[in-house]
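Notes to accompany the following structure.
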Amino acid sequence: MIRRLVVLVGFLAQLGSAHTAETGSTELGAREVAARTPADLAQQQRDLVEARLWGLDLTEIQRARQLMAGPRGAFSVANISPVEVLGIHARTPAERDRYAELFARMTYEDLQRVLAFQQAYDAALRRLNVDLRPVALDGRELPRGFLGVSR
13 MIRRLVVLVG FLAQLGSAHT AETGSTELGA REVAARTPAD LAQQQRDLVE
63 ARLWGLDLTE IQRARQLMAG PRGAFSVANI SPVEVLGIHA RTPAERDRYA
113 ELFARMTYED LQRVLAFQQA YDAALRRLNV DLRPVALDGR ELPRGFLGVS
163 R
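When you line the sequence shown up against my numbering, it's residues 13 to 163, in that order.
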């Protein structure tokens, strides 16, 4: 009896896989996305990964890409984030606020990482160059203790 159940479950799993391959559909996250070709499916999977990196959903990342294909792409730097694009082109004040908060949170977290690395770099520089003293751009030596350098 258990063996028949296992075989039945296996058969149903194969049937589902065959349906997916035949229709070119796959479920990505909570929504089903139709893909006409393997290349379409691969692009949708890349879009889903990118969307998750930015805290967006698949529809939002695709909308940001469409907006960048128009005038926004000409007006903006190439590396503008999809969150910024969506915020600039928000359809409602609530949507604009959501993207602004998401972007503020992301830039704050990045700032924390940058500052932590800068502090680690400064400490390493002091450890490796015990006698190193800061130099002003005009060539004069800066006083001891300037910018936290205690030596």
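Built from N, CA and C at the ideal position, the CB exists for glycine as well.
### Reduced DSSP category for isoleucine 73 - H, G, I as helix; E, B as strand; rest coil
helix
### Task
Check leucine 137 in the structure and name its three-state DSSP category.
helix
### Meets three-Cβ-pair contact criterion under 8 Å: the region 125-143 and the region 98-112
no
### Query
Does the separation of the CB atoms of valine 95 and methionine 118 fall below 8 Å?
yes
### Query
What are the boundary residues of the alpha helix (DSSP H) that includes aspartate 52?
Per DSSP, the continuous alpha helix (DSSP H) segment holding aspartate 52 begins and ends at 50-66.
### valine 97 - DSSP class collapsed to helix/strand/coil
For valine 97, the three-state secondary structure derived from DSSP is helix.
#### Entry: Check whether histidine 101 and leucine 70 have beta carbons under 8 Å apart
Against a cut-off of 8 Å, the Cβ pair of leucine 70 and histidine 101 comes out as no contact.
### Query
Excluding five sequence neighbours on each side, which residues of the same chain lie with their C-beta closer than 8 Å to the C-beta of leucine 98?
Leu68, Glu72, Arg75, Ala76, Leu79, Glu107 and Tyr111
#### Entry: Outcome for aspartate 122 when other beta-carbon atoms lying within 10 angstroms are tallied against a minimum of 16
Around the Cβ of aspartate 122, a 10 Å sphere holds fewer than 16 other Cβ atoms; the residue is exposed.
### Message
By the DSSP assignment, the alpha helix (DSSP H) with arginine 103 in it spans what residues?
### Response
Note, arginine 103: premise wrong, no alpha helix (DSSP H); not H, not E.
### Task
Output the boundary residues of the alpha helix (DSSP H) element that contains glycine 85.
83-87
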